[in-house]
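In this note's numbering, the protein residues as written are 5 to 194.
We put the beta carbon where it would ideally sit given N, CA and C, even for glycine.
Since the structure comes first, as structure tokens, the remarks are kept for the end.
Here it is, written out as structure tokens:
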């Protein structure tokens with residue numbers, strides 16, 4: 005993901021994905037939203053990966069708290085709002101647009117609820133919402149992984165692939181998060 009983000013460091017419109025988004029790039033707010041979204045991932049993904057370690061949570065409580073604040077702040081003020089703007093302009097028509105807009109709204113909501121629950125000292129609900137939030141954060145990776153799998157196996161047209169991964173990239177992640185949450189609750193009740 006870092007290499008994908010760094011290819012946009014020049015802020016040039018003739019790079020990778022932006023080559024097919026020239027019409028949108030001409031909209032004054034689109035480049036701003038695009039670059040914010042891309043560069044926010046540099047902080048959000050690594051920050052999220054560290055938040056689920058029991059060792060870090062117990063041994064480095066302040067570090068866990070500060071990285072968690074960075075994760076929440078970056079998603080709520082940069083990544084999710086810019087993702088919503090990109091979702092409105094997604095390739096693939098209304099189906100992809102709906103998928104990416106729901107992803108952005110869900111990402112904001114789950115992250116916001118994680119913040120609400122930690123402020124209320126509801127540790128379990130905070131953890132559950134963080135699992136959901138991070139499942140949506142991981143869509144940046146799973147979306148690309150599914151693209152390769154689907155193209156390698158089925159060879160669909162590019163826009164058909166895009167429509168499929170727009171949903172598959174995050175819905176399956178959320179299902180897996182819910183299974184993990186369910187199992188954690190089952191263990192706690194035994």
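Only buried fits residue 94, as 16 or more other CB atoms lie within 10 angstroms of its CB. A direct Cα-to-Cα measurement between residue 30 and residue 23 gives close to 12 Å. Here DSSP, grouped into helix, strand and coil, assigns residue 161 to coil. The alpha-carbon separation between residue 56 and residue 81 amounts to approximately 22 Å. DSSP places residue 69 in the uninterrupted alpha helix (DSSP H) bounded by 65 to 78.
Under the three-state reduction of DSSP, residue 96 is assigned to coil, being neither helix nor strand.
Shown here for residue 118: same chain residues with a beta carbon closer than 6 Å to its own, the five before and five after excluded, namely 130, 133, 134, 137 in chain order. When DSSP states are grouped into helix, strand and coil, residue 85 belongs to the helix group. Distance from residue 165 to residue 154 at the Cβ level is roughly 6 Å; contact confirmed, criterion being Cβ atoms closer than 8 Å.
Per DSSP, the unbroken alpha helix (DSSP H) holding residue 35 starts and ends at 33 to 54. Residue 45 and residue 193 have their C-alpha atoms spaced approximately 36 Å apart. Annotation for residue 140: the continuous alpha helix (DSSP H) segment containing it runs 127 to 141.
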